[in-house]
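When the letters of the sequence shown are read in order and numbered with this note's numbering, they come out as residues 833 to 1026.
By construction, the Cβ of each residue, glycine as well, lies at the ideal position given by its N, Cα and C atoms.
What follows is one structure encoded as structure tokens, with my remarks underneath.
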Amino acid sequence: MYKFFRGFKRDQLGLSLVEISIWLMLAGVVLGNSVLAFEAASRRAEVNSNAEIISNLVQDARFMYGRTGKIQELSTTEAIESGLIPARLTQTIDGGAQAFNSYGGEIVIESYPEENYALIRFGGVPSSHCVGLVTAVESLMAAIAVTRTDSRPSADSEFNVKFEPSRPSLDVAALGVVCEQSSLVYLQFKFYKE
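Here it is as structure tokens:
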């Protein structure tokens, strides 16, 4: 065996340390990009899943309650019992059913029959998902409010930003600023019965 290697120079026996380092760096770059792409795809999938939940809630609520003039009966409990909120999103806590989104935040539905609208309150939304979620469902809503908290704001608390239909388009820059100022945000979606 020694005779075989005697004819080779030392630098011809295999890959040099520099060559190995280059290959390792390239592998690291490819792996890093793959992880980033996977995280972005996962985030998009979760945003789309929650946007679909909100869209279905609005469309089904309009169909089941809005057209029949029974918007005043709409509540979280009623939405759970009627199947508006899928069973996979509900839990029984202290004897009562509650709904939670995939972020672990609560889903609360309240109706305001005198004004003919209902609210979907969506808590615990990560700031990185906030803009995508709002823009995905904005066309269904009469108004959207965002606040920087993961717990339900009180009825008289101020939301940090509100988007009303009187505006010609959603101000994504303002929305982005509010969404990024906190790790979790609380969204409130207002929709009319039809």
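Going by Cα to Cα distance, which pick from Leu849, Arg980 and Pro918 is closest to Ile886? Looking only at Leu849, Arg980 and Pro918, the smallest Cα-Cα distance to Ile886 is reached by Pro918.
Pairwise C-alpha distance: Ser943 and Leu906: Taking the straight line from one Cα to the other gives about 6 Å.
Three-pair Cβ contact test at 8 Å for the stretch 920 to 935 versus the stretch 866 to 886: yes
Residue environment, Gly955, which counts as buried when at least 16 other CB atoms sit within 10 Å: buried
Hey, out of Val890, Thr967, Gln923 and Trp855, whose CA is closest to Glu938's CA? For Glu938, the nearest C-alpha among the options comes from Gln923.
With distances taken Cα to Cα, identify the nearest neighbour of Gln891 among Asn865, Val969 and Ala975. Val969
Name the residue from Ser959, Arg899 and Glu913 whose alpha carbon lies nearest to the alpha carbon of Ile941. Glu913
Within 10 angstroms of its Cβ, does Met857 collect 16 or more other Cβ (buried), or is it exposed? exposed
Could you tell me whether the Cβ atoms of Val1017 and Thr979 are closer together than 8 Å? yes
Grab me the residues of Ala1005's own chain with a C-beta within less than 8 Å of its C-beta, minus the 5 sequence neighbours each way, in chain order. Around Ala1005, the same chain offers no residue with a beta carbon nearer than 8 Å, after the five sequence neighbours per side are excluded.
Taking just the CA atoms, how far does Arg920 sit from Pro958? 20 Å
Rounded Cβ spacing between Leu916 and Val966 (contact assumed at less than 8 Å): Contact doesn't hold; Cβ gap of about 21 Å is too wide.
So if DSSP puts Phe895 in a beta bridge, which residue, or which two residues, is it bridged to? The partner list for Phe895 (beta bridge, DSSP) is empty, contrary to what the question assumes.
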